[in-house]
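Residue numbers (full-length UniProt numbering): 1 to 349.
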């Protein structure tokens, strides 16, 4: 049996709760709430029951979405590590503006319960800070929410950004405003983030009690004994900077081998930031001479001319050899671009 304690300073939408009252509130959300409240209520029920684990849905970014089981002690440890890293204190104000159906939303709630934060919960939207005029000590958002909230970010002391790669244009905007913002690195299997980086830095720093190394593929291996009994082997190619820092280069399963040169689509995409207004991604396609050739896939309901000037920052071997258009990208359950499914849709794979 698992004994769950609720920090005495925890508040949900300005109200404090005993365990019994929080269970009643969870049941009310499940029976009467909107979709986001039902997900919130269901997670609260799962968190407050006697089991030592909760089931969590993966997003499907790197494979088929699936249910995995995460130990509650691991989630508590992750919350405590985040609290130490960001110096979060009981009574600090935080905002949950993502769905509690997935790990990022669940962990915002766990941090509040464990650390004694005062948590406001609102319906997920592109402009979460427009829901009220409150000031917050700690908020987690996806890049789309950040981009749509620039005028209101002065009300947030610290913001962590995850769920998708933060593009260089948005990063520069945040830096120009002097926003204290961090990009996160993590996945469902690591119980949300295990490393963060300031947006002005090039490397991620791991949280307390996390050690890192690489395998023969130069992919990151994470050893976080308080979160996972076994080391977590990722498909993320990294450069180890120090014992507690690494630079993310790209996904192993996305790497393009073109004429013997290994290319990282994510790095090419960064060079194209601000050059293409539509959503896009870089991938590889079979080629008899090169093995694989670089291609550009653009989301658009009509084809258009891509001028050579768009590729002026690219090295010769990085320039796409073909451009494909599709009206709508395939997406994961958390609205990230599903590259593989999109390539299948347009007949490239």
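Glycine included, C-beta positions come from ideal geometry on N, C-alpha and C.
**Request:** Taking the CB atoms as reference points, tell me whether residue 361 and residue 259 lie closer together than 8 Å.
**Result:** There is simply no residue 361 to check, as the chain begins at 1 and stops at 349 in what is shown.
**Prompt:** If we ignore side chains and look at the alpha-carbon of each, how far apart do residue 164 and residue 142 end up?
**Reply:** One Cα belongs to residue 164, the other to residue 142, and the distance between them is close to 7 Å.
**Prompt:** When you compare each of 57, 226, 267 to residue 237 by their alpha carbons, which one comes out closest?
**Reply:** The option with the nearest alpha carbon to residue 237 is 267.
**Prompt:** Which one of 301, 284, 166, 109 has the shortest CA to CA distance from residue 293?
**Reply:** The option with the nearest alpha carbon to residue 293 is 284.
**Request:** Compare the Cα-Cα distances from residue 51 to each of 41, 155, 69 and report the closest residue.
**Result:** Nearest of 41, 155, 69 to residue 51, Cα basis: 69.
**Prompt:** Looking only at DSSP bridge pairs, what is residue 235 linked to?
**Reply:** Listed as beta-bridge partners of residue 235 by DSSP are no residues whatsoever.
**Message:** Tell me which residues share the same chain as residue 186 and place their Cβ nearer than 6 Å to its Cβ, disregarding the 5 neighbours each side in the sequence.
**Reply:** For residue 186, where only same-chain residues beyond five positions count, the Cβ hits under 6 Å are 192, 193, 194.
**Request:** Would you kindly check if the distance between the Cβ of residue 140 and the Cβ of residue 170 is under 8 Å?
**Result:** The Cβ atoms of residue 170 and residue 140 lie no closer than 8 Å to each other.
**residue 224 - partner residues in DSSP beta bridges** = Looking at the DSSP assignment, residue 224 forms no beta bridge with any residue, so it has no partner.
**Prompt:** Is residue 39 buried or exposed, if buried means 16 or more other CB atoms sit within 10 Å of its CB?
**Reply:** When all chains shown are included, residue 39 counts as buried.
**Asked** Counting only runs that start and end within the UniProt domain "AMP-dependent synthetase/ligase" (58-201), where is the beta strand (DSSP E) found for 3 or more residues in a row?
**Response** Runs of the beta strand (DSSP E) lying entirely within the UniProt domain "AMP-dependent synthetase/ligase" (58-201) and spanning at least 3 residues, in chain order: 67-71, 93-96, 118-121, 136-141, 156-161, 181-187, 192-198.
**Residue environment, residue 100, which counts as buried when at least 16 other CB atoms sit within 10 Å** = Answer is buried; the Cβ neighbour count reaches 16.
**Request:** Please look up how many angstroms separate the CB atoms of residue 297 and residue 280, rounded, as I've assumed it's under 8 Å.
**Result:** About 6 Å separates the beta carbon of residue 297 from that of residue 280, a gap short enough to meet the 8 Å contact definition.
**Message:** Do residue 246 and residue 220 have their beta-carbon atoms positioned less than 8 Å apart in this structure?
**Reply:** Cβ atoms of residue 220 and residue 246: closer than 8 Å.
**Request:** Could you tell me if residue 138 is buried or exposed, where buried requires 16 or more neighbouring beta carbons within 10 angstroms of its beta carbon?
**Result:** In this structure residue 138 is buried. Its beta-carbon is surrounded by 16 or more other beta-carbon atoms within 10 angstroms.
**Prompt:** Are residue 309 and residue 325 closer than 8 Å when you measure CB to CB?
**Reply:** No Cβ-Cβ contact shorter than 8 Å links residue 309 with residue 325.
**Message:** I need the DSSP call for residue 326, collapsed to helix, strand or coil.
**Reply:** Correct three-state label for residue 326: strand.
**Prompt:** If you run the structure through DSSP and keep just helix, strand and coil, what is residue 250?
**Reply:** In the structure shown, residue 250 sits in a strand (DSSP, three-state: E or B).
**Terminal residues of the beta strand (DSSP E) in which residue 299 lies** = Looking at the DSSP string, the run of the beta strand (DSSP E) that includes residue 299 is 291-299.
**Message:** Does residue 286 come out as helix, strand or coil in the three-state DSSP assignment?
**Reply:** Reduced to three states, the DSSP call for residue 286 is strand.
**Request:** Kindly list the residues whose CB is nearer than 8 Å to the CB of residue 76, restricted to its own chain and excluding five residues on each side of it in sequence; keep chain order.
**Result:** These residues qualify, in order along the chain: 110, 114.
**Request:** Measuring alpha carbon to alpha carbon, tell me which of 344, 45, 269, 156 ends up nearest residue 178.
**Result:** Selected option, being the one with the closest Cα: 156.
**Message:** In the DSSP output, what is residue 16 paired with across the bridge?
**Reply:** Beta-bridge partners assigned by DSSP to residue 16: 11.
**Message:** When you compare the stretch 121-130 with the stretch 221-241, are there three or more beta-carbon pairs, one atom per stretch, that lie closer than 8 Å?
**Reply:** Output reads no: the stretch 221-241 does not touch the stretch 121-130.
**Request:** For residue 15, collect the residues of the same chain with a Cβ closer than 8 Å to its Cβ; drop the 5 residues on either side in sequence, then sort them by chain order.
**Result:** Once the five neighbours on either side are set aside, residue 15 has no close Cβ partner at all.
**Prompt:** How big is the Cα-Cα spacing for residue 322 and residue 217?
**Reply:** Going from the Cα of residue 322 to the Cα of residue 217 covers about 28 Å.
**Item:** DSSP beta-bridge partners of residue 257
**Value:** Note: residue 257 sits in a beta bridge opposite 262.
**Message:** Mapping the DSSP letters down to three states, classify residue 212 as helix, strand or coil.
**Reply:** Annotated three-state conformation of residue 212 is strand, per DSSP.
**Prompt:** In its own chain, which residues sit with a C-beta less than 7 Å from the C-beta of residue 197, not counting the 5 before and 5 after it?
**Reply:** Answer for residue 197: 182, 183, 203, 204, 205, listed in chain order.
**Item:** Among 348, 212, 167, 55, nearest to residue 272 - alpha-carbon criterion
**Value:** Nearest Cα to residue 272 within the set 348, 212, 167, 55: 167.
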